[in-house]
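Here is the structure we will look at, set down as structure tokens.
Protein chains in written order, with my numbering: chain A, 235 to 352; chain B, 2 to 115.
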């Protein structure tokens with residue numbers, strides 16, 4: 235397994251369900267990201283983790299709850315979502331920011347999870 | 002506000018021809034990278050090319066090259082000898098703010114005509 239993987243690839247859920255998205259990176263990186271990509275809109279950064287610590291939360295509603303148990307895994311827990319949350323959710327990773335990695339190092343993306351909220 | 006602008010929502014090119022996609026950005030950082038990603042129908046975001054802002058030489062990766070104008074904050078992507086597999090949405094990305102975030106442009110949908 236190489237690169238960045240995401241599961242599931244497709245998810246359909248009702249507004250009262252609770253589900254989780256999983257991201258795993260095999261690149262030895264220490265920074266991980268969640269993005270939301272809606273139709274007709276640019277990628278929106280949701281959360282950033284560096285060495286398992288959350289460093290950014292871009293005003294994301296609390297119905298999205300991230301978790302980063304280690305540098306290789308990132309989860310996005312979902313509960314009581316709204317239909318407008320339907321989108322492609324992309325995970326990315328990059329080199330950490332303290333080991334000489336340059337500012338905004340290259341981010342490598344997973345294939346995404348296509349989420350549909352009914 | 003940090004912004005990245007791609008002024009061409011759609012572009013088309015004949016197979017084997019050359020096409021240039023435009024991008025302008027606005028950052029207060031002095032040392033940074035700029036990126037072009039492509040997103041084919043599979044929706045996988047794939048890095049195409051990266052430019053280091055402190056390097057005057059334009060980056061090149063096989064058929065892909067950039068025209069980087071730092072003073073003008075312009076970062077265009079040139080695709081030479083276009084192939085059918087180049088058809089995708091292309092996103093330009095630049096750093097935003099002090100939080101090591103990337104801001105992505107709205108994308109340019111490239112169609113390659115046989």
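Virtual Cβ for every residue (Gly too), placed ideally from N, Cα, C. Given the structure is predicted, the values throughout are model-derived calculations rather than measurements.
Look up residue i in the DSSP assignment and say whether it is helix, strand or coil.
{"i": "residue 113 (chain B)", "result": "strand"}
{"i": "residue 85 (chain B)", "result": "helix"}
{"i": "residue 319 (chain A)", "result": "helix"}
{"i": "residue 348 (chain A)", "result": "strand"}
{"i": "residue 46 (chain B)", "result": "coil"}
{"i": "residue 20 (chain B)", "result": "strand"}
{"i": "residue 1 (chain B)", "result": "In the structure as shown, chain B starts at 2 and stops at 115, and residue 1 (chain B) therefore has no counterpart that could be examined."}
If I measure Cβ to Cβ from residue i and keep anything under 6 Å in the same chain, skipping five residues before and after, which residues do I get?
{"i": "residue 302 (chain A)", "result": "283, 286 and 308"}
{"i": "residue 319 (chain A)", "result": "351"}
{"i": "residue 26 (chain B)", "result": "5, 74 and 95"}
Could you list which residues in chain A have their beta carbon closer than 8 Å to that of residue i, in chain order?
{"i": "residue 105 (chain B)", "result": "276 and 277"}
I'd like to confirm the pairing. Which residues does DSSP put opposite residue i in its beta bridges?
{"i": "residue 313 (chain A)", "result": "A:252"}
Can you find the residues in the same chain that come closer than 8 Å, C-beta to C-beta, to residue i, ignoring five residues on each side of it along the sequence?
{"i": "residue 88 (chain B)", "result": "41, 111, 112 and 113"}
{"i": "residue 12 (chain B)", "result": "20, 22, 109, 110, 111 and 112"}
Which residues in chain B have a C-beta closer than 9 Å to the C-beta of residue i? List them in chain order.
{"i": "residue 322 (chain A)", "result": "44"}
Report buried or exposed for residue i, applying the criterion of at least 16 other Cβ atoms within 10 angstroms of its Cβ.
{"i": "residue 334 (chain A)", "result": "In this prediction, residue 334 (chain A) has a pLDDT of 49, which is less than 50 and means its spatial position is unreliable; what the coordinates show is noted afterwards. That one is exposed."}
{"i": "residue 295 (chain A)", "result": "exposed"}
{"i": "residue 260 (chain A)", "result": "exposed"}
{"i": "residue 267 (chain A)", "result": "buried"}
{"i": "residue 300 (chain A)", "result": "buried"}
{"i": "residue 273 (chain A)", "result": "exposed"}
Grab me the residues of residue i's own chain with a C-beta within less than 7 Å of its C-beta, minus the 5 sequence neighbours each way, in chain order.
{"i": "residue 253 (chain A)", "result": "245, 247 and 312"}
{"i": "residue 241 (chain A)", "result": "256"}
{"i": "residue 82 (chain B)", "result": "17 and 64"}
For a contact meaning CB atoms closer than 9 Å, what does residue i contact in chain A?
{"i": "residue 48 (chain B)", "result": "340, 341, 342 and 343"}
{"i": "residue 102 (chain B)", "result": "267, 279, 282, 290, 292 and 338"}
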